[in-house]
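**Q** For reference, each letter of the sequence shown is one residue, going -19 to -1, 1 to 324 in mature numbering (1 follows the signal peptide of the UniProt record, and there is no 0). Ideal placement from N, C-alpha and C gives every residue a C-beta, glycine not left out. These numbers come from a predicted model, not from an experiment. Dropping a structure here in C-alpha cells format, bear with me for questions.
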Amino acid sequence: MARMSTLISAFAILGTSQAVRFLGRVNPATRELTWPATGLSFSFTGTSASVAVNSISGTNSVEVLIDGGTPIIIENVNGTSISTPSLVRGQHTVQIRKRSETVYGTFALGDVKIFRGSLGADSVSRRRIQIIGDSISVGYGLDGTYPCTNSAFLENAPKTYGALTAKSLSAEYDILAWSGIGLIRNTIGSSDPVLMPQLWTRYGTNDADNSYTFPRAETPDIVVINLGTNDFSYLGVRDPVNATMLTDGMIAYAETIRSHYPKAELFLTSSPMLSDTYPTAEDAQHTTHVNALRAAAEKLGSKAHVVDFPTQGSEVGCDYHPNAAEHEKMAAILTSAIKEVMW
C-alpha cells in the first residue's frame, strides 16, 4: 500500500541527513526567515509536499521553485502552509525562498509533509558565496519600472546580482542585506544607529547582536561587500562622506570578516547607483567610491579584489534602484571577476 503522507521535522532532519536544509542564514532555533533569499530546500519522491508556516509578521513575498522550473510566486504568505501543486509521482526538488526583506515582514517555517512518498537526500554545493549589502543586494524595486513604489512583491532577492552570480558558479549563497544601511553611516533620514558590521553579527535580523555562531558548514569561500551607496547620501542634510573614513571602515570590517573566514576571497564592489555627475561633478561619487575601495584592497592584500559596477543607465526600478536587466549586467561582471581568481 502506498504511503499516504509523511510528516518530517525540518529541525530534526537538518541535524542529521540534510534531507531538509535551510537556505541562507536561518536561526535553527526559531526557523524564522528574515534575511533576503532565505528559505528551505528538500528533495522527495512522491506527488506533492507542503511546509508548515508557524508564524507570520507583516508582508512576505516568496518564490517556490520545483525541479528548477519557472518560480511560483506567492505575493504574500498568509496561510498555515506553503504547498506544491499536484505533481507526477517521482523524484522532485523544492526550494522555497523569501523574495522580500525584513522591513516588510518575516515568517517561520515548520515541518515538511510529503504526500504519497518520502524524503531523499538533498544535494548541496561545496561552493559558498556570502553577499553583504544594502537595498541593491536586497533587490529593492527590482521588478518595478520607475516611477513606482517599492513593495514586498516588487523586491526579488533571488534575481539579484549576488544570487545570479552564485547560480552561474553553481554555489550556495547567503544575502545579508538591509535597505538604507551603510558601512560607516546609514542613508539620510535614517534614525537607526545599527550599521552593517553590527547587523552582520546577528543570526536572524531580529536576533541579538553577536548571536550568529559561525557554523563551519556555512563558511563562505567568497565574501562580496557592496556597501557605500547610503554612506554617500548627504544632499542638503549633512556633509559629504569622508573618503578616508570610508576606506578605514572597509578595512576594519574586512578584518573582522577575516577573523571568522581567514581563507575567504573578498570582493569589494562599487555601486551602480553612484554617479560622477550627481549630485555634483565635484563630488565624483562613483570614482571617489572606487578609489576608496582600491585603497582598502591595497591594505588588505592579495585576497581582496575591487569590482567596479558602472553607473547604471536611465531604465531603472523603483526609486532609481537597479532593475532586473541591470542586475544581470552586474552578475556578469562579478562572475567574470570571480573566475579570474578561482573556480
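#1: What number of angstroms, rounded off, separates the C-alpha of valine 75 from the C-alpha of proline 243?
#2: Restricting to Cα atoms, I'd like to know which of Gly170, Arg239, Ala233, Asp190 is closest to valine 204.
#3: Apart from the five residues just before and just after phenylalanine 25, which ones in its own chain have a Cβ nearer than 7 Å to its Cβ?
#4: Roughly how many angstroms lie between the CA atoms of histidine 308 and asparagine 211, to the nearest whole one?
#5: Is there contact here, the region 153 to 170 with the region 13 to 22, by at least three beta-carbon pairs under 8 Å?
#6: Indicate whether valine 93 and phenylalanine 3 have their beta-carbon atoms separated by less than 7 Å.
#7: Provide the residue(s) that pair with isoleucine 37 in DSSP beta bridges, ordered along the chain.
#8: On the three-state DSSP scale, how would you describe tyrosine 154?
#9: Give me, in chain order, the residues of the same chain whose beta-carbon lies closer than 6 Å to that of isoleucine -7; leave out the 5 immediate sequence neighbours on both sides.
#10: Express the C-alpha separation of alanine 147 and alanine 318 in angstroms, rounding to a whole number.
#11: Got a sec, what are the start and stop residues for the beta strand (DSSP E) alanine 285 sits in?
#12: From which residue to which residue does the beta strand (DSSP E) around glycine 20 run?
#13: Which whole runs of the alpha helix (DSSP H) in the region 173 to 255 are 4 residues long or more, in chain order?
#14: By how many angstroms is the C-alpha of threonine 28 removed from the C-alpha of threonine 237?
#15: Quick one, are the C-beta atoms of glutamate 185 and histidine 270 less than 7 Å apart?
#16: Assuming alanine 278 contacts leucine 249 under a Cβ cut-off of 8 Å, what Cβ separation, rounded to an integer in Å, is found between them?
#17: Nearest-angstrom Cα distance between valine 288 and glycine 71?
#18: Would DSSP call leucine 4 helix, strand or coil?
#19: Give a yes or no on contact between the region 255 to 275 and the region 295 to 306, applying the rule of three or more CB pairs nearer than 8 Å.
#20: First and last residue of the alpha helix (DSSP H) that includes isoleucine 319?
#21: What is the DSSP secondary structure of serine 99, counted as helix, strand or coil?
#22: Of the residues Ser283, Ser256, Pro260, which one's Cα is nearest the Cα of phenylalanine 290?
**A** On the basis of the data shown:
#1: Walking along the sequence shown from the start, residue 75 turns up at place 94. Walking along the sequence shown from the start, residue 243 turns up at place 262. The alpha-carbon atoms of valine 75 and proline 243 are separated by roughly 33 Å.
#2: Mapped onto the sequence shown, residue 204 falls at position 223. The residue with the shortest Cα to Cα distance from valine 204 is Arg239.
#3: Reading the sequence shown from its first residue, position 44 is the one you call residue 25. Same-chain partners within the cutoff: His73, Ile95, Gly98, Ser99, Leu100, Gly101.
#4: What you label residue 308 is simply residue 327 of the sequence shown in a count that begins at 1. What you label residue 211 is simply residue 230 of the sequence shown in a count that begins at 1. Distance between the alpha carbons of histidine 308 and asparagine 211 is about 18 Å.
#5: yes
#6: One-based indexing of the sequence shown puts residue 93 at position 112. One-based indexing of the sequence shown puts residue 3 at position 22. Not in contact: valine 93 and phenylalanine 3 (Cβ atoms no closer than 7 Å).
#7: By 1-based counting over the sequence shown, the position of residue 37 is 56. Answer by DSSP bridge pairing, in chain order: Phe88.
#8: For the purposes of this step, residue 154 is taken as residue 173 along the sequence shown, with counting starting at 1. Strand.
#9: Here residue -7 refers to the residue found at position 13 when the sequence shown is read from its first residue. Legend: pLDDT at isoleucine -7 = 43, less than 50; position of this residue unreliable, value from coordinates given subsequently. Result list for isoleucine -7: Ala(-1), Val1, in chain order.
#10: Locating residue 318 in the sequence shown gives position 337, where the first residue counts as 1. Locating residue 147 in the sequence shown gives position 166, where the first residue counts as 1. Roughly 13 Å between the two C-alpha positions.
#11: Walking along the sequence shown from the start, residue 285 turns up at place 304. Residues 285 to 288.
#12: Here residue 20 corresponds to residue number 39 of the sequence shown, with the count starting at 1. Residues 20 to 27.
#13: 177 to 180, 210 to 213, 224 to 241
#14: Counting from one through the sequence shown, the residue named residue 237 turns up at place 256. Counting from one through the sequence shown, the residue named residue 28 turns up at place 47. The straight-line gap from Cα to Cα measures roughly 47 Å.
#15: Against the sequence shown, residue 185 aligns to sequence position 204. Against the sequence shown, residue 270 aligns to sequence position 289. First, the residue type needs correcting, since residue 185 is glycine and not glutamate in the sequence shown. Taking 7 Å as the Cβ cut-off, glycine 185 and histidine 270 do not qualify as a contacting pair.
#16: Stepping through the sequence shown from its first residue, residue 278 is reached at position 297. Stepping through the sequence shown from its first residue, residue 249 is reached at position 268. Rounded, the Cβ-Cβ distance is 6 Å, consistent with contact.
#17: Walking along the sequence shown from the start, residue 288 turns up at place 307. Walking along the sequence shown from the start, residue 71 turns up at place 90. When rounded, the distance between both Cα atoms is 43 Å.
#18: Taking the sequence shown and counting its residues from 1, the one referred to as residue 4 is at position 23. The answer is strand: DSSP assigns leucine 4 an E or B state.
#19: no
#20: Working through the sequence shown from its first residue, we reach residue 319 at position 338. That run of the alpha helix (DSSP H) goes 305 to 322.
#21: Counting from 1 along the sequence shown, the entry for residue 99 is found at position 118. Note: serine 99 maps to strand in three-state DSSP.
#22: Here residue 290 refers to the residue found at position 309 when the sequence shown is read from its first residue. Nearest option by C-alpha distance: Ser256.
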